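Okay, structure first, notes after.
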Amino acid sequence: MRTIKFFFAVAIATVAKAQWGGGGASAGQRLTVGNGQTQHKGVADGYSYEIWLDNTGGSGSMTLGSGATFKAEWNASVNRGNLLARRGLDFGSQKKGKPITATLIGYTATYRQTGSASGNSRLCVYGWFQNRGVQGVPLVEYYIIEDWVDWVPDAQGRMVTIDGAQYKIFQMDHTGPTINGGSETFKQYFSVRQQKRTSGHITVSDHFKEWAKQGWGIGNLYEVALNAEGWQSSGIADVTKLDVYTTQKGSNPAPTSTGTVPSSSAGGSTANGKKFTVGNGQNQHKGVNDGFSYEIWLDNTGGNGSMTLGSGATFKAEWNAAVNRGNFLARRGLDFGSQKKANRFDYIGLDYAATYKQTASASGNSRLCVYGWFQNRGLNGVPLVEYYIIEDWVDWVPDAQGKMVTIDGAQYKIFQMDHTGPTINGGSETFKQYFSVRQQKRTSGHITVSDHFKEWAKQGWGIGNLYEVALNAEGWQSSGVADVTLLDVYTTPKGSSPATSAAPRTTTRTTTRTKSLPTNYNKCSARITAQGYKCCSDPNCVVYYTDEDGTWGVENNDWCGCGVEQCSSKITSQGYKCCSDPNCVVFYTDDDGKWGVENNDWCGCGF
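Take the sequence shown: its letters are residues -18 to -1, 1 to 589, numbered as in mature numbering (1 follows the signal peptide of the UniProt record, and there is no 0).
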């Protein structure tokens, strides 16, 4: 399970809830609510922000600092006055809370309540889960409460130890506004720290694990944020340190900057319908909007262009770069900031529909493609790589000696080249380019991007950490238009059955027992077979490569799983052990495998 940690420093007085206004902001900007303005939200410096005020009255402000830091001030000491201000990571429901992967927070805060009309306030981690229509997975608003003044929610529950501290966990039903709009009845999950504090480390995902052990439904995760909230109160929260991350600190952090080309200026988040232009000395805009990254870039050799953002990941690009060495690109997708390991080949899908045409050329060309970068700095055999999955083109497309492969039922030619030019590291250097060129052009369809990564890896090409997956319209010495009316990039296969949460219970329940495995039983990693590879037939297979999915061998010029496991590696990779009893009782089965219980903790129970 992936861990989410929060690291924050905050000075807080009590905060009331605010309502959102659209758009993005930048460090140093002060956002105010009151007098009919109930909300601001967006993304700045890579972190989401929101300030919200109930329309019952009062006022408040949120000043954005660098990174995820912020300062909130509120005056909601009125009847049913409510304000909140928060910053963190917004996953837009694309992150699965179960399997529970690492999510962490580090923080430091000054927090105080300065006034109250029989009210209260709290400093907490906050967010929502939801899998619409999935049985046993309700809409959930969750709180991990670190500090509070005057009152904190309480109900019958259980004490658990997380990060070395005692938390009381319980749930309640609540009726009120939700992320779906309007008002409805939903679940609230609580972890309340028994010793208050305003700084420290929180392994957020460990709270999700404890809630799941109680049988509480864990849906897809919308958000992990540090939240200052006030009810019928006034206060201040000054969050001077806040870090929310999904990779353990000290585990090879990667550079946070991404991008495709050297930038002259970069934008933060923006609003749908915003039109960005390049030319006359302005050569780049990039940022995040509606949960998807965007970038428009023009080489400083001349020309001009524009990019208009639509809802979701859609966009329209127009360019006029029919000049000597004129080069333009516009793209949208998901930016992983090198934190996603592409050599694990976890699922990445992309659906698109576009109208694309080249309107002029000065001996140039253009293309419509999936685009991004790999890099593991200093890792032997894993070069810096710019990659292209080319779906359509005009006048010319790269070509070299390669191999034909079938992906998504279509023929692609795969090959690689060396190239010298601008990179994501800044400046110019020589790097690898990997290509998959579709043999029958098209401007709409589905692309299993991760299957291209697999095919490249089979050729022995180094696959590093993944920076980006984006749909890209690019023109070289040409002019044209690309109107992308459908674009979705996602990391969970559509139509798959999400796992529901359950937990061992002492009540009567039908259980199954695994069969005793023979001593010569050869079962390879489930994370390898889940990718479509087979276990090696030779029990004495040679291990060519080891990663987090397991140990890899080669048979018939293809990868295979090489090794014996006693339980699913999708379970052990989350920090759980295989059950020591080969006849363990299966309490719960999900997409990760079969789960048993030993020493009051989960364990993997066979296959």
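Don't be surprised by glycine CBs; every beta carbon is placed ideally from N, CA and C. This structure is a prediction, so every number in the text was calculated from the model and none was measured.
| Item | Value |
| --- | --- |
| Applying the criterion that 16 or more other CB atoms from any shown protein chain within 10 Å of the CB defines a buried residue, is A137 buried or exposed? | exposed |
| Just confirm the distance between the C-beta atoms of I184 and I126, as a whole number of angstroms; I'd bet it's less than 8 angstroms. | 6 angstroms |
| Who does V387 pair with in a DSSP beta bridge? | Y394 |
| Of the residues Q214, A439, C549, which one's Cα is nearest the Cα of F356? | A439 |
| When DSSP labels each residue in this structure, what does V567 get in the three-state scheme? | strand |
| State buried or exposed for K53, treating a residue as buried only when at least 16 other CB atoms are found within 10 Å of its CB. | buried |
| Measuring CA to CA, which of E211, F111, Y31, E123 is closest to A58? | E211 |
| N254: which of G292, S551, E55 sits nearest, CA to CA? | G292 |
| With which residues is Y149 paired in a DSSP beta bridge? | V142, R175 |
| Put S187 into one of helix, strand or coil per three-state DSSP. | helix |
| If you draw a straight line from the C-alpha of R62 to the C-alpha of T38, how long is it? | 6 angstroms |
| From the DSSP secondary-structure annotation, give me the bridge partner or partners of H428. | D333 |
| Kindly list the residues whose CB is nearer than 6 angstroms to the CB of T259, restricted to its own chain and excluding five residues on each side of it in sequence; keep chain order. | S288 |
| Write down the C-beta distance between G462 and W301 rounded to the nearest angstrom, noting that I regard them as a contact closer than 8 angstroms. | 6 angstroms |
| Over what stretch of residues does the alpha helix (DSSP H) that includes A219 continue unbroken? | From DSSP, A219 is part of no alpha helix (DSSP H) but of the beta strand (DSSP E) over 202 to 227. |
| Is I510 helix, strand or coil by DSSP? | helix |
| Which same chain residues end up closer than 7 angstroms to N581 when comparing Cβ atoms and leaving out the 5 residues on each side of it in sequence? | none |
| Compute the Euclidean distance between the alpha carbons of W279 and D433, then round it to the nearest angstrom. | 28 angstroms |
| Decide if N447 is buried, meaning its Cβ has at least 16 other Cβ atoms within 10 Å, or exposed. | buried |
| Can you tell me which of the three DSSP states S551 falls into? | helix |
| Under the assumption that E172 contacts P135 (Cβ atoms under 8 angstroms), give the Cβ distance between them as a whole number of angstroms. | The sequence given here places Phe at residue 172; Glu does not occur at that position. Indeed, because the Cβ distance is near 6 angstroms, the residues count as touching under 8 angstroms. |
| Looking only at its own chain, which residues have a Cβ that is under 6 angstroms from the Cβ of P380, when we skip the five neighbours before and after it? | F417 |
| Which residue's Cα is closest to the Cα of T296: N309, C517, R314? | R314 |
| Going by DSSP, which residues form a beta bridge with E437? | Bridge partners of E437: none, in fact. |
| So D60 and L208 are supposed to be a Cβ contact under 8 angstroms. How far apart are they, rounded? | It should be noted that the sequence gives Val, not Asp, for residue 60. That belief does not hold up - the Cβ atoms of V60 and L208 are roughly 25 angstroms apart, past 8 angstroms. |
| Measure the alpha-carbon distance for A303 versus E373 and round it to whole angstroms. | 21 angstroms |
| Answer with buried or exposed for G263, where buried requires no fewer than 16 other C-beta atoms within 10 angstroms of its C-beta. | exposed |
| Note down the Cα distance separating Q21 from L469, rounded to an integer number of angstroms. | 28 angstroms |
| Are the beta-carbon atoms belonging to E537 and K559 less than 9 angstroms from one another? | no |
| What separation, rounded to the nearest whole angstrom, lies between the Cα atoms of Q148 and G24? | 34 angstroms |
| Would you kindly check if the distance between the Cβ of I553 and the Cβ of D531 is under 9 angstroms? | no |
| Let's test the definition: count the other Cβ atoms within 10 Å of the Cβ of V226 and tell me whether it reaches 16, buried, or not, exposed. | buried |
| For A99 and L65, what's the separation of their Cα atoms in angstroms? | 14 angstroms |
| Tell me whether K298 sits in a helix, a strand or coil according to DSSP, three-state version. | strand |
| Determine the DSSP secondary structure at K256, reduced to helix, strand or coil. | coil |
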